[in-house]
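Visitor: The structure under discussion is supplied below as structure tokens; questions concerning it will follow.
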Amino acid sequence: MIYTNSDGGARGNPGPRAIGVIVRKEGEILTKYSAKIGKFVTNNVAEYEALIKALELASKYTDKEITCYLDSELVVKQLLGEYRVKNEKLLELFLKVQELQERFEKIIYKHVSRWDNFQQIVDELLNEELDRR
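Remember, the working numbering sits 2 above the position in the sequence shown when you count from 1.
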């Protein structure tokens, strides 16, 4: 099975934002990705953007089952239908995730602590991007 960890962050909320993503299989990291993705957006937008990139990258490795780990409880609960998506920009990104889900037979979304080892890797990736001027 393929696993993803994704994280998005903004300095200033809103502020400059970046994402970090890893795609892995049984502990082996298959790919790492990070990028700056804008100047003045919120953490929640960055979290969705990171998940979107994670789904795009994971689709290069499988079309079967994946598990996506995120440290954003809001995004996970929205994707599981526990919270409504009220914000217009988040709704746009939520719908993009729904579209990307069609690439897979099954997706499991799991909230994970920001202190999880793999989550720390994606946090470091995005912070390295934000530290670059």
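Beta carbons: idealized from backbone N, C-alpha and C, even for Gly.
By alpha-carbon positions, which one of Glu51, Gly40, Asp9 and Met3 ends up nearest to Ser115?
Guide: Among Glu51, Gly40, Asp9 and Met3, the Cα nearest to that of Ser115 belongs to Asp9.
Visitor: Need the endpoints of the beta strand (DSSP E) that Asp9 sits in, please.
Guide: Note, Asp9: beta strand (DSSP E), Ile4 to Ala12.
Visitor: Just grab the DSSP bridge partners of Lys112 for me.
Guide: Partner(s): Tyr71.
Visitor: Using a Cβ-Cβ cutoff of less than 6 Å, which residues in the same chain neighbour Glu51 once the five nearest sequence positions on both sides are dropped?
Guide: The answer, listed in chain order, is Gly10, Ile21 and Ile39.
Visitor: Short check: CB of Ile24 to CB of Ile123, under 7 Å?
Guide: Yes; because the gap between Cβ atoms is below 7 Å, this pair is in contact.
Visitor: Cα-Cα, which of Pro18, Ile31 and Ser36 is closest to Asp125?
Guide: Measuring from the Cα of Asp125, the nearest candidate turns out to be Ser36.
Visitor: For Leu93, is the classification buried or exposed, using 16 other Cβ atoms within 10 angstroms of its Cβ as the cut-off for buried?
Guide: By the neighbour-count rule (16 or more Cβ atoms within 10 Å), Leu93 is not buried but exposed.
Visitor: Contact between the segment 83-91 and the segment 58-67: three or more CB pairs below 8 Å?
Guide: The segment 83-91, when compared against the segment 58-67, does not touch it at the 8 Å Cβ threshold.
Visitor: Going by C-alpha to C-alpha distance, which of Asp65, Asn7 and Val77 sits closest to Val99?
Guide: That would be Val77, whose Cα lies nearest to the Cα of Val99.
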